[in-house]
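Asker:
There are 2 protein chains.
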Amino acid sequence: MQTSLTVKPIEDLPLVQAGDDLALLIGEAIVRNCYELQDGDVLVVAQKIVSKSENCIIKLNEIKPSADAIRLAEEVDKDPRLVELILRESSEVVRKAPGVIIVRHRLGIVSANAGIDQSNVDHAGGECALLLPKDPDLSAARLRKSLEKTTGKRLGVIVSDSMNRPWRLGTLGFAIGSAGITVLDDRRGQKDIFGRELQVTMSNRADTIAAAAMLVMGETTERVPAAIVQGLAPENSAQTARDCIRPLSEDLFL
Amino acid sequence: MQTSLTVKPIEDLPLVQAGDDLALLIGEAIVRNCYELQDGDVLVVAQKIVSKSENCIIKLNEIKPSADAIRLAEEVDKDPRLVELILRESSEVVRKAPGVIIVRHRLGIVSANAGIDQSNVDHAGGECALLLPKDPDLSAARLRKSLEKTTGKRLGVIVSDSMNRPWRLGTLGFAIGSAGITVLDDRRGQKDIFGRELQVTMSNRADTIAAAAMLVMGETTERVPAAIVQGLAPENSAQTARDCIRPLSEDLFL
């Protein structure tokens, strides 16, 4: 029997600052929210607060754009300092258009602006930009280890961000980092309900859980940068979000 | 305050046949599952059972492939009759490679094989293929009308399918049809938590709900082709899944 799942917002998290112990803050908020964690629960944490706690914030007035960045900035009508950061963070510009730079991030993720974001960031000390965490899988693994220790439960952790897609409007949550969960659920070779072999059925479980969490997290002013997904079976997969990236050799849209 | 959401599998649905009254079958299964629907609940139904009930099943031995289909079939190593169906269902071939045909479906959806599927279909009377419903938004609207009548609740309905993405492995659920829900949650122009204007924040709510439902539906042999998402605020949007399709003029990957 398939069990029901519950997606619970973690509310009343304080605004996260550089150097904060995120596992501690989240652990305390879980207690304040009166949530009782179970084996198999997956914590989904917004990239934004992971990046903030890891001090991935850059002051734009400290950035000196290269000639390449200045040229590209003019072409797409963006701040050259921001374009410089986008180029530094990525291995390749995939597409460009007025207002749009789509790159392959050094982590392998293809997205707009290398995931660099300026919203919900405090610009009081000068205009800033927030980069993705250096190693989001490692961030997830650390959070997992710490929260498993304090709760005594077997947990999964996902660091989520929102992503645009080429042919669909509106962003969707996805996993940039993960620990302890099967990110790709591979059913190829199994049989369907009529006994015929399944051809190409592999679902992205990490992105699906990240997307589901987004329903209670919101993306803007909701101040709910974390959620718990309850009802999943406990597991202990060594897969990480990096395994979700389609190899370059299979890329039909280079 | 943000409320928790629950995603509940609708179990014990009979195998759906052409001509079945899907709203009736789902309504009965909801009762058998002892679920009490609330205003705002969203029913997510797999495309597969919508297509089956609407008799979108084609016997391959009745298909005579065109010269174009035969040529393309040879190039990508697929059954020419299947390729003929893919071409008939689509307006454009977006990419092709051995084993892969990515097209723009006549509904505007870009996906592999025009969403045509051969798994979990009964091939006893000869090899078959299942097409997408003629008008999935209309299918969703009809299901909604019928289920709102029998339950007396204000519901949303999504017809879901699973989709591949260019740079990520593993499929994700998405909405090919919908009724009664805001499919795009547009926050552009609103302010972030520090009072700065949000630039590009529009999330795809329909795809997100469809993805969340997939966590309990599974994609293969689970026999759970429908789910209920509970805890969302009631609404009455005139948007449909068709509104999720990025206009051709914005397509950077043509």
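Those protein sequences? They're chains A and B, same order as listed.
So for the first sequence, our numbering puts the first residue at 1; every next one is plus one.
So for the second sequence, our numbering puts the first residue at 1001; every next one is plus one.
We treat Cβ as the ideally placed atom computed from N, Cα and C, and that holds for glycine.
Remember, predicted model here, so these are calculated numbers, not experimental data.
(1) With burial defined as no fewer than 16 other Cβ atoms inside 10 Å of the residue's Cβ, what is the status of A/S249: buried or exposed?
(2) Go ahead and pull the three-state DSSP assignment for B/T1150.
(3) Could you tell me whether the Cβ atoms of B/V1083 and B/I1070 are closer together than 9 Å?
(4) Which residue from B/A1129, B/E1028 and B/I1109 puts its Cα closest to that of B/S1051?
(5) Using a Cβ-Cβ distance cut-off of 9 Å, determine whether B/I1193 contacts chain C.
(6) Have a look at A/L254, A/N236, A/K149 and A/A227 and flag the residue whose alpha-carbon is nearest the alpha-carbon of A/Y35.
(7) Output the distance between the C-alpha atoms of A/R154 and A/A233, rounded to the nearest integer angstrom.
(8) Between B/M1163 and B/P1225, what straight-line distance do the alpha-carbon atoms span, to the nearest angstrom?
(9) Check the Cβ of A/D207 against every Cβ in chain B and list those closer than 8 Å, keeping chain order.
(10) Would you please state the rounded distance, in angstroms, between the beta carbons of A/A238 and A/A210? I believe it to be under 8 Å.
(11) Which residue marks the beginning of the beta strand (DSSP E) containing A/P9, and which one marks its end?
(12) When you compare the segment 1015-1031 of chain B with the segment 13-28 of chain A, are there three or more beta-carbon pairs, one atom per stretch, that lie closer than 8 Å?
(13) Compare the C-beta of A/K8 with all C-beta atoms of chain B and state if any pair is closer than 9 Å.
(14) Nearest chain B C-beta to A/A114 closer than 9 Å, yes or no?
(15) So, are the CB atoms of A/I245 and A/L131 less than 9 Å apart?
(16) When you check each C-beta in the segment 239-253 of chain A against every C-beta of chain B, which residues fall closer than 8 Å?
(17) Where do the N-terminal and C-terminal ends of the beta strand (DSSP E) with A/S162 fall, by residue?
(18) If we define contact as Cβ-Cβ less than 9 Å, is A/V76 a contact residue for chain B?
(19) Considering only C-alpha positions, which residue in the set B/Q1002, B/L1043 and B/D1077 is nearest to B/A1141?
(20) Quick one: measure Cβ to Cβ for B/A1114 and B/S1090, integer angstroms, because I've assumed they're closer than 8 Å.
(21) Using C-beta distances below 8 Å, list every residue in its chain close to A/G99, excluding the 5 sequence neighbours before and after it, in chain order.
(22) Please say whether B/L1037 and B/I1030 have beta carbons closer to each other than 9 Å?
(23) Under 9 Å between C-beta atoms, does A/A233 make it to chain B?
(24) With a threshold of 8 Å on Cβ separation, who are the neighbours of B/I1057 within its own chain once the five nearest residues in sequence on each side are excluded?
Answerer: Short version:
(1) exposed
(2) helix
(3) yes
(4) B/A1129
(5) Any reference to chain C falls outside this structure, whose protein chains are A and B.
(6) A/A227
(7) 10 Å
(8) 16 Å
(9) R1168, G1170, L1172 and A1211
(10) The pair is not a contact, with the Cβ atoms about 19 Å apart (cut-off 8 Å).
(11) L5 to P9
(12) no
(13) yes
(14) no
(15) no
(16) D243, C244, I245, R246, D251, L252 and F253
(17) G156 to M163
(18) no
(19) B/L1043
(20) 5 Å
(21) V76, D77 and K78
(22) yes
(23) no
(24) A1018, S1051, V1121, C1128, A1129, L1130 and L1131
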